[in-house]
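Notes follow the structure.
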Amino acid sequence: AQSVTQPDIHITVSEGASLELRCNYSYGATPYLFWYVQSPGQGLQLLLKYFSGDTLVQGIKGFEAEFKRSQSSFNLRKPSVHWSDAAEYFCGFNTNAGKSTFGDGTTLTVKP
Amino acid sequence: SQTIHQWPATLVQPVGSPLSLECTVEGTSNPNLYWYRQAAGRGLQLLFYSVGIGQISSEVPQNLSASRPQDRQFILSSKKLLLSDSGFYLCAWSPSGALGDTQYFGPGTRLTVL
Numbered sequence: 009a010q011s012v013t014q015p016d017i018h019i020t021v022s023e024g025a026s027l028e029l030r031c032n033y034s035y036g037a038t039p040y041l042f043w044y045v046q047s048p049g050q051g052l053q054l055l056l057k058y059f060s061g062d063t064l065v066q067g068i069k070g071f072e073a074e075f076k077r078s079q080s081s082f083n084l085r086k087p088s089v090h091w092s093d094a095a096e097y098f099c100g101f102n103t104n105a106g107k108s109t110f111g112d113g114t115t116l117t118v119k120p
Numbered sequence: 055s056q057t058i059h060q061w062p063a064t065l066v067q068p069v070g071s072p073l074s075l076e077c078t079v080e081g082t083s084n085p086n087l088y089w090y091r092q093a094a095g096r097g098l099q100l101l102f103y104s105v106g107i108g109q110i111s112s113e114v115p116q117n118l119s120a121s122r123p124q125d126r127q128f129i130l131s132s133k134k135l136l137l138s139d140s141g142f143y144l145c146a147w148s149p150s151g152a153l154g155d156t157q158y159f160g161p162g163t164r165l166t167v168l
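The listed protein sequences correspond, in order, to chains F and L.
Going by this note's numbering, the first sequence opens with residue 9, and the numbers climb by one from there.
Going by this note's numbering, the second sequence opens with residue 55, and the numbers climb by one from there.
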């Protein structure tokens, strides 16, 4: 079955600390992976995506993610979190026919 | 550049009333269009997607329906709302159904059914 698991429902980090949000997927082929961010009451904004090539991808707002095929993971990282990064983060992948599967999201709280 | 609009932004409706949410896309042609629902504290559930005018695919059985009367217009409807229809509804578009496509999301509609 195709699925995305984000094991951490809620993460709290201090401003300036590093961040890693976990994402694991289950798919029968190499997926087209992405991370989106959603501020409260807003739509989703694409942070980064991976399809092929370099397994470390850079995104907007200083985020990066690393694809690890052996672990079926696509974890999102940021070296130094800012208060404005507080939001909900969704990992997911595209399947054929243009449909997407999303995880349930991780809510990030940033402490001052 | 492309933009996506949704309205209304918020809606409070009584149980049993009808529903119509509208989504329009500007600056592109023949996009793939999607309706998602996001329940409180949950991820995104794909409800419908469309690859062209009048072509609608339903992902889950439900109380809702979708229509695409024009190329860049996608409408989500219900004849009789249920309490369980409450949630945050997001419309999205992508250039095509290609695997590498990015989906671009609208600002969403917060629906509360009382």
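The beta-carbon is built from N, C-alpha and C at its ideal position, and this holds for glycine as well.
Item: Neighbour list for L/Q157 in chain F, Cβ cutoff strictly below 9 Å; Value: F42, Y44, L52, L54, N102, G106, S108
Item: Limits of the beta strand (DSSP E) - the one that L/D102 falls within; Value: According to the sequence displayed, residue 102 of chain L carries Phe and not Asp. Run containing L/F102: 98-106, per the beta strand (DSSP E) assignment.
Item: Which listed residue (F/H90, F/E74, F/S78, F/E96) has its alpha carbon closest to that of F/V118; Value: F/H90
Item: Residues, ordered as in the chain, of the region 111-136 of chain L that lie near chain A by beta-carbon distance below 9 Å; Value: The structure shown contains no chain A; its protein chains are F and L.
Item: L/P123: first and last residue of the uninterrupted beta strand (DSSP E) it sits in; Value: 119-124
Item: Proximal residues to L/S74 (C-beta, below 7 Å), its chain only, five neighbours per side dropped; Value: I129, S131
Item: Contact check, L/Y143 vs L/T163, beta carbons under 7 Å; Value: yes
Item: Inter-stretch contact at 8 Å, needing at least 3 Cβ pairs: the region 148-157 of chain L / the region 62-73 of chain L; Value: no
Item: Near-chain F residues of the region 81-105 of chain L - C-beta to any C-beta below 7 Å; Value: N86, R96, G97, L98, L100, Y103
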